[in-house]
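Contents: one structure, followed by commentary.
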Amino acid sequence: MMPQGGMMPQGGMMPQGGMMPQGGMMPGEMMRMMMGMMSASNGPAELMMSPSHVEGRIAFLQAELKVTDAQQPQWKAVADAMRANAKLAEQTMGGMGGAMMSAGPAAMTPSKRIDQAEQMLSGRLEGLRQLKAAIEPFYATLSDAQKAVADKLLVPAPMGMM
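With numbering that gives the first Met the number 0, the residue at position 64 of the sequence shown is 63, and numbering never jumps.
The following block contains the structure:
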């Protein structure tokens, strides 16, 4: 059965029973869905991007890029930026989820939700800027072979980790 208006809900998902509530998602459903998406695992690649696995990701990238002794100072700046981004992502995810859960969906006004989103996006932007500032000098030290690997592996993931 299609919801009112003839459109499927975003993602093609409908509540059990095939009917969408009159006002769209039930209170709290969106937050539960977002938390589920953040915790869902899409396999080893996602685990490598997890804030708690940043050291493994750094070691992987260092090995794959075959970072030389001469490149270590620039690499250290990249690794430090990745750690800072991972820490920020962990704090942001914990802070957003905790605030939403403790306040409850009814207590979260649209203005408060927008404030939280704005804080998260501002932090993400600052993290990307720091990462870019670290990557550019490092990338300039790479050989052509290393650049080919870097072009494939040094891709920012959601929430700023690499």
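Note that the Cβ used here is the ideal one computed from N, Cα and C, for glycine as well.
This structure is a prediction, so every number in the text was calculated from the model and none was measured.
Three-way DSSP call (helix, strand, coil) for Leu60 in this model
Counting from 1 along the sequence shown, the entry for residue 60 is found at position 61. Looking at Leu60 - three-state DSSP - the assignment turns out to be helix.
Keeping to the same chain, check which residues put their C-beta closer than 8 Å to that of Leu141; ignore five residues upstream and five downstream.
As a position in the sequence shown, residue 141 is number 142, starting the count at 1. The answer, listed in chain order, is Leu64, Gln70 and Ala149.
Just to confirm, are Ala88 and Pro50 a CB contact at a threshold of 8 Å?
Start at 1 with the first residue of the sequence shown, and residue 88 comes out as number 89. Start at 1 with the first residue of the sequence shown, and residue 50 comes out as number 51. Yes.
Are the beta-carbon atoms of Gly55 and Asn84 separated by less than 8 Å?
Locating residue 55 in the sequence shown gives position 56, counting from the first residue. Locating residue 84 in the sequence shown gives position 85, counting from the first residue. Contact: no.
Leu124 and Pro155 closer than 8 Å at C-beta:
Taking the first residue of the sequence shown as position 1, residue 124 is located at position 125. Taking the first residue of the sequence shown as position 1, residue 155 is located at position 156. The answer is no: Cβ separation not under 8 Å.
Between which two residues does the alpha helix (DSSP H) holding Leu127 run?
Here the question's residue 127 lines up with position 128 in the sequence shown. Counting along the chain, the alpha helix (DSSP H) containing Leu127 begins and ends at Pro109 to Thr140.
For Pro136, tell me which candidate among Thr67, Val66, Ala62 and Ala76 has the shortest Cα-Cα distance.
Stepping through the sequence shown from its first residue, residue 136 is reached at position 137. Ranking Thr67, Val66, Ala62 and Ala76 by Cα distance to Pro136 puts Ala76 first.
DSSP state of Lys75 mapped onto helix, strand, coil
Mapped onto the sequence shown, residue 75 falls at position 76. Helix, per DSSP.
Of the residues Asp143, Ile57 and Ala132, the one placed nearest Arg82, counting alpha carbons only
Translated into positions along the sequence shown, residue 82 becomes position 83. When each option's Cα is compared against that of Arg82, the closest is Ile57.
What does the alpha-carbon distance come out to for the pair Gln90 and Ser110?
Counted from its first residue, the sequence shown places residue 90 at position 91. Counted from its first residue, the sequence shown places residue 110 at position 111. Going by the C-alpha atoms only, they are around 21 Å apart.
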